[in-house]
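Enquirer: Structure provided below as structure tokens; questions to follow.
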């Protein structure tokens with residue numbers, strides 16, 4: 211259009227470090243194939259969204275002119291004061307502990323644009339390029355991407371059925387201390403409930419132990435634990451565990467981030483975190499620059515849902531609906547997945563995900579035959595390699611995949627898993643015939 | 211509470227560069243003195259907020275179950291597609307030009323959490339520590355604070371009644387080229403309509419000229435203009451000028467950011483920007499890490515307000531209400547300010563601010579007698595020094611102040627200005643008696 215050549219943009223180092231999110235490819239694939247049975251989407255179940263409840267709340271808010279005006283005005287950077295009070299009361303309810311036992315007041319609660327913004331801001335105030343963050347492998351890939359864009363060195367520990375291997379965290383910290391790199395460690399990232407992507411939960415025993423290790427290695431400066439509790443309230447069986455944060459009785463080492471997206475509605479795009487005071491102060495300064503406060507309307511809606519009981523009521527509805535979907539998915543997997551050594555599924559007691567591990571040699575990645583064939587036959591999953599950080603040799607395993615029963619309709623789950631089971635059986639047969647033997651069973655893989 | 215000393219947080223360089231926003235002090239002062247007549251708050255008029263309109267919209271949204279579900283679900287990082295289409299149509303209406311004449315499609319529109327988030331993200335993708343941003347002196351202090359936190363070297367040019375001095379931008383760029391620093395210049399920040407804090411508008415003649423200069427000096431890389439159009443639609447008299455962006459016919463050099471906060475309601479916390487494609491791509495990656503999309507509910511409300519005409523209708527209401535407040539403030543200033551050389555007020559034709567300039571020697575800063583006396587007598591203003599970057603010698607002028615007629619009630623304006631006028635008269639008298647003569651009149655000061 212212009213005759214002169216456009217001079218190139220000179221992007222910041224951060225922008226140049228930032229990769230396109232892998233999920234973009236999956237969203238594009240889903241949009242191009244609208245009839246796919248979508249086990250990839252991290253969206254929530256549309257049929258359980260609280261339309262009626264939100265209608266009642268907004269009617270109430272805007273029928274009172276004074277309240278309506280305050281809903282439509284600016285509020286503060288840290289969030290609506292009443293919502294922070296209500297969120298703290300909700301934390302007390304979940305922990306079964308008074309806030310004082312965790313040295314928390316409403317001033318230590320911050321409201322963010324989804325819990326993602328809290329995760330971002332925590333990284334932003336801590337990470338200089340080259341700083342170390344310890345995370346499980348696999349982990350929530352949007353956040354590991356965020357950490358990488360900030361220049362973090364994301365070092366990982368394996369997972370097992372009890373969640374992040376805390377002994378491995380200790381061993382890694384010991385090694386880093388030996389290598390004189392302990393001062394580089396800023397953060398330990400842990401999704402403690404029904405992790406994305408594995409569906410696994412950090413065991414009760416590991417929770418205080420992770421905190422104890424973190425304190426012990428906070429020699430050159432405080433190491434923070436960032437506890438991502440996004441899926442906490444989507445619990446379908448078993449006991450509700452206290453958070454890692456609940457053991458941080460002095461409010462010094464743990465930030466816990468919750469969201470309204472999973473247990474109520476993503477359209478609010480609201481999260482709330484409890485933070486140590488100095489962390490809260492630093493995060494608040496950054497948030498002032500980012501947006502000086504999340505949308506006030508949605509904060510008032512969240513507040514009213516907590517006050518009028520519709521939030522808690524809706525939690526029951528969601529748990530019943532997702533439990534059913536989880537059951538259908540797990541039963542279908544047990545029926546349609548080939549019975550071979552080295553093929554393993556997780557057994558999630560909450561959240562939205564089941565994680566499959568295949569024998570080494572099977573390739574689930576987007577360029578591989580399994581993924582392509584699955585899409586051709588109408589099923590989409592998340593290739594597991596998106597969720598891993600490379601090991602020291604730069605290797606990323608390609609023998610896993612993530613299935614979500616979040617958005618997909620209940621009646622699509624069995625037929626979809628049937629198709630996927632067939633595709634997997636064919637792939638396993640072709641790998642066996644190519645190698646002329648059964649693949650080795652990776653002992654430590656989940 | 212704990213017996214061991216807490217190890218210190220090791221904050222990132224960015225966090226350490228980030229200053230507490232000066233506005234915090236003013237907010238605290240206002241909260242401690244609830245009866246103050248608040249000419250400092252950048253809030254909007256509460257009585258004109260669209261409570262009835264938003265009630266009608268939310269009733270409509272949540273009465274349709276399918277629409278309600280999509281409102282409560284996630285949407286995309288760049289924003290609701292229909293809202294981006296409607297926002298582009300609104301831009302066409304404001305410019306009186308088809309989008310094609312600016313090489314814009316809805317794909318070039320991005321929705322953000324207020325326009326502040328757009329301003330932040332633009333800086334984030336461009337600025338490495340030491341990079342140069344050119345801004346007017348004075349400028350919107352939240353953004354200059356943001357730039358400083360990213361390590362930008364904010365270099366300034368003066369303003370006059372025609373807005374940012376574009377000749378001074380050219381002279382600065384020439385000087386930087388001579389000093390071999392042109393490659394460091396990434397961004398020119400310009401609030402082109404009714405600037406915060408001065409109320410001044412960039413003249414029609416200067417608009418294409420600023421773009422021409424920017425192109426001419428884009429020798430080592432593209433320099434972007436960030437056009438902050440937050441107050442554009444709050445126009446009370448005179449012609450609506452086309453934006454700087456409207457001259458960027460190839461969509462390469464200018465990002466324009468608009469907001470729903472000022473012309474509709476801050477509670478939505480939504481803005482929308484039109485960006486060159488490569489800029490939009492880089493910003494989108496960052497926003498994916500920040501929050502992967504602003505609150506969907508508020509996007510649907512904004513969309514409906516544009517569709518059902520309530521947005522445009524509300525604009526008329528706002529302009530009538532603020533015009534009246536502006537008139538009362540300006541008349542009161544002309545009545546109650548002492549008539550002395552070197553005391554000057556701007557004559558805003560839109561926006562929310564009037565800017566006062568005093569003879570050099572007068573001190574409006576928060577530690578000075580004028581500010582303290584004004585608060586004691588019940589009036590709050592923004593000390594002008596908050597809005598300035600230091601000059602080469604580190605000097606910041608303290609002889610200005612900002613008055614807002616946004617939040618303050620209509621009937622409080624005249625009594626408030628009367629009090630302030632008395633305080634100012636006393637201060638000027640005491641400065642004159644201290645110096646034994648009239649202070650010099652600063653020729654270039656606005």
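Chains as they are written, first to last, in my numbering: chain Y, 211 to 656; chain C, 211 to 656. Built from N, CA and C at the ideal position, the CB exists for glycine as well.
#1: So, with DSSP's three-state summary, where would you put residue 184 of chain C?
#2: Going along the segment 218-235 of chain C in order, which residues come within less than 7 Å of chain Y, judged by CB to CB distance?
#3: Quick check: is the beta carbon of residue 379 of chain Y nearer than 8 Å to any beta carbon in chain C?
#4: From the beta carbon of residue 315 of chain Y, is the nearest beta carbon of chain C less than 8 Å away?
#5: When you compare each of C:621, C:590, C:623, C:432 to residue 612 of chain C by their alpha carbons, which one comes out closest?
#6: Sort out for me which residues DSSP pairs residue 463 of chain Y with in a bridge.
#7: Does any residue of chain C have a CB that is nearer than 8 Å to the CB of residue 273 of chain Y?
#8: Does the segment 390-403 of chain C come close enough to the segment 426-440 of chain C that 3 or more CB-CB pairs lie under 8 Å?
#9: Is residue 499 of chain C close to chain Y, meaning its C-beta is less than 8 Å from at least one C-beta of that chain?
#10: Can you confirm whether residue 337 of chain C, when its beta carbon is compared against all beta carbons of chain Y, has any partner nearer than 8 Å?
#11: Under 7 Å, CB to CB, which of the residues in the segment 475-494 of chain Y have a partner in chain C?
#12: Could you tell me whether the Cβ of residue 253 of chain Y comes closer than 8 Å to any Cβ of chain C?
#13: Beta carbons nearer than 7 Å to chain Y: which residues of the segment 281-298 of chain C have them?
#14: Per DSSP, what are the beta-bridge partners of residue 484 of chain C in this structure?
#15: For chain Y, find out if any of its Cβ atoms is closer than 8 Å to the Cβ of residue 573 of chain C; answer yes or no.
#16: Does residue 259 of chain C come within less than 8 Å of chain Y when only Cβ atoms are used?
#17: Does the beta-carbon of residue 649 of chain C have 16 or more other beta-carbons within 10 angstroms, so that it is buried, or is it exposed?
#18: Use the C-beta contact count for residue 630 of chain C: other C-beta atoms within 10 angstroms, 16 or more gives buried, fewer gives exposed.
#19: Kindly confirm or deny that the segment 390-398 of chain Y and the segment 599-610 of chain Y touch, where touching means at least three C-beta pairs closer than 8 Å.
#20: Determine the chain Y residues that contact residue 279 of chain C at a beta-carbon separation under 8 Å, and present them in chain order.
#21: Once DSSP output is grouped into helix, strand and coil, what is the label at residue 377 of chain Y?
#22: Expressed to the nearest angstrom, what Euclidean distance is found between the alpha-carbon atoms of residue 655 of chain C and residue 412 of chain C?
#23: If you check the beta carbons only, do residue 372 of chain Y and residue 416 of chain Y fall under 8 Å apart?
#24: Counting only Cβ pairs nearer than 8 Å, list the residues of chain Y close to residue 216 of chain C.
#25: In angstroms, rounded to a whole number, what distance separates the CA positions of residue 212 of chain C and residue 487 of chain Y?
#26: What does a CB cutoff of less than 8 Å around residue 463 of chain Y pick up in its chain, not counting 5 residues either side in sequence?
#27: Could you work out which residues of chain Y lie near residue 359 of chain C, taking near to mean beta carbons separated by less than 9 Å?
#28: Within its chain, find whatever has a CB closer than 6 Å to the CB of residue 652 of chain C; leave out the 5 residues flanking it on each side and keep chain order.
#29: Would you say residue 506 of chain C lies against chain Y (beta-carbon separation less than 8 Å)?
#30: Quick check on residue 623 of chain Y: does DSSP put it in helix, strand or coil?
#31: Around the Cβ of residue 223 of chain Y, are there at least 16 other Cβ atoms within 10 angstroms (buried) or fewer (exposed)?
#32: Can you find a CB in chain Y that lies within less than 8 Å of the CB of residue 211 of chain C?
#33: Would you list, in chain order, the members of the segment 315-331 of chain C that have their beta-carbon closer than 7 Å to a beta-carbon of chain Y?
#34: Among residues of its own chain, excluding the 5 on either side of residue 556 of chain C, which ones have a beta-carbon nearer than 7 Å to its beta-carbon?
#35: If residue 503 of chain C and residue 286 of chain C are in contact, beta carbons under 8 Å, what's the gap, nearest whole angstrom?
Expert: So, from the listed chains and residues:
#1: Given that chain C is displayed from residue 211 to residue 656, the structure contains no residue 184 of chain C and the question cannot be resolved.
#2: 218, 219, 220, 221, 222, 223, 224, 225, 228, 230, 231
#3: To locate residue 379 of chain Y, count along the first chain from 1; it is residue 169. Not an interface residue.
#4: Stepping through the first chain from its first residue, residue 315 of chain Y is reached at position 105. No - not a single Cβ of chain C is within 8 Å of the one on residue 315 of chain Y.
#5: As a position in the second chain, residue 612 of chain C is number 402, starting the count at 1. Checked all of C:621, C:590, C:623, C:432; the closest Cα to residue 612 of chain C is C:590.
#6: On the first chain, position 253 is the one that residue 463 of chain Y refers to. Paired residue(s): none; residue 463 of chain Y is not in a bridge.
#7: As a position in the first chain, residue 273 of chain Y is number 63, starting the count at 1. By this cut-off, residue 273 of chain Y is an interface position.
#8: yes
#9: Translated into the one-based positions of the second chain, residue 499 of chain C becomes position 289. Judged by the 8 Å Cβ criterion, residue 499 of chain C is in contact with chain Y.
#10: Reading the second chain from its first residue, position 127 is the one you call residue 337 of chain C. It does: the Cβ of residue 337 of chain C has a partner Cβ on chain Y nearer than 8 Å.
#11: 475, 476, 477, 478, 479, 488, 489, 492
#12: For the purposes of this step, residue 253 of chain Y is taken as the residue at position 43 of the first chain. It does: the Cβ of residue 253 of chain Y has a partner Cβ on chain C nearer than 8 Å.
#13: 281, 282, 283, 284
#14: Translated into positions along the second chain, residue 484 of chain C becomes position 274. Note: residue 484 of chain C sits in a beta bridge opposite C:319, C:466.
#15: For this step, residue 573 of chain C is matched to residue 363 along the second chain. It does not; no Cβ of chain Y falls within 8 Å.
#16: For this step, residue 259 of chain C is matched to residue 49 along the second chain. Cβ-Cβ to chain Y under 8 Å: yes for residue 259 of chain C.
#17: Taking the first residue of the second chain as position 1, residue 649 of chain C is located at position 439. With a pLDDT of only 44 at residue 649 of chain C, under the threshold of 50, the placement of this residue in the model should not be trusted, and no figure is reported.
#18: If you number the second chain from 1, residue 630 of chain C lands on position 420. When all chains shown are included, residue 630 of chain C counts as buried.
#19: no
#20: In the second chain, the residue the question calls residue 279 of chain C occupies position 69. The answer, in chain order, is 256, 257, 259, 261.
#21: Taking the first chain and counting its residues from 1, the one referred to as residue 377 of chain Y is at position 167. Three-state DSSP puts residue 377 of chain Y in a helix.
#22: Mapped onto the second chain, residue 655 of chain C falls at position 445. Mapped onto the second chain, residue 412 of chain C falls at position 202. Any reading at residue 655 of chain C must be qualified, since the residue scores a pLDDT of 40, below 50, and its modelled position is unreliable; the value itself is stated next. Roughly 16 Å separates the two Cα atoms.
#23: As a first step, residue 372 of chain Y is located in the first chain; it is residue number 162 there, counting from the start. As a first step, residue 416 of chain Y is located in the first chain; it is residue number 206 there, counting from the start. Cβ atoms of residue 372 of chain Y and residue 416 of chain Y: closer than 8 Å.
#24: Locating residue 216 of chain C in the second chain gives position 6, where the first residue counts as 1. Those are 432, 460, 462, listed as they occur along chain Y.
#25: Counted from its first residue, the second chain places residue 212 of chain C at position 2. Counted from its first residue, the first chain places residue 487 of chain Y at position 277. Confidence at residue 212 of chain C is low in this model, with a pLDDT of 46, below 50, so the placement of that residue should be treated as unreliable; the coordinate-derived value is given next. Straight-line Cα distance between these residues: approximately 15 Å.
#26: Within the first chain, numbered from 1, the residue matching residue 463 of chain Y stands at position 253. Once the five neighbours on either side are set aside, the close Cβ partners of residue 463 of chain Y are 421, 424, 425, 428, 432, 433, 434, 435, 486.
#27: One-based indexing of the second chain puts residue 359 of chain C at position 149. Ordered by position in chain Y, the residues that pass the 9 Å Cβ test against residue 359 of chain C are 495, 496, 499.
#28: Within the second chain, numbered from 1, the residue matching residue 652 of chain C stands at position 442. Low per-residue confidence applies at residue 652 of chain C: pLDDT is 43, beneath 50, and the placement is therefore not dependable, though the value from the model is reported in the following sentence. Contacts found: 570.
#29: One-based indexing of the second chain puts residue 506 of chain C at position 296. So, interface residue.
#30: For the purposes of this step, residue 623 of chain Y is identified with residue 413 of the first chain, where counting begins at 1. Correct three-state label for residue 623 of chain Y: helix.
#31: Start at 1 with the first residue of the first chain, and residue 223 of chain Y comes out as number 13. By the 10 Å Cβ count, residue 223 of chain Y comes out exposed.
#32: Taking the first residue of the second chain as position 1, residue 211 of chain C is located at position 1. Only weak support is given to the placement of residue 211 of chain C: the predicted model assigns it a pLDDT of 43, under 50, and the question is left unresolved by the model.
#33: 323, 324, 326, 327, 330
#34: For the purposes of this step, residue 556 of chain C is taken as residue 346 along the second chain, with counting starting at 1. Cβ neighbours of residue 556 of chain C beyond the five flanking positions: 408, 409, 410, 564, 565, 656.
#35: By one-based count along the second chain, residue 503 of chain C stands at place 293. By one-based count along the second chain, residue 286 of chain C stands at place 76. With a Cβ gap of about 6 Å, residue 503 of chain C and residue 286 of chain C count as contacting.
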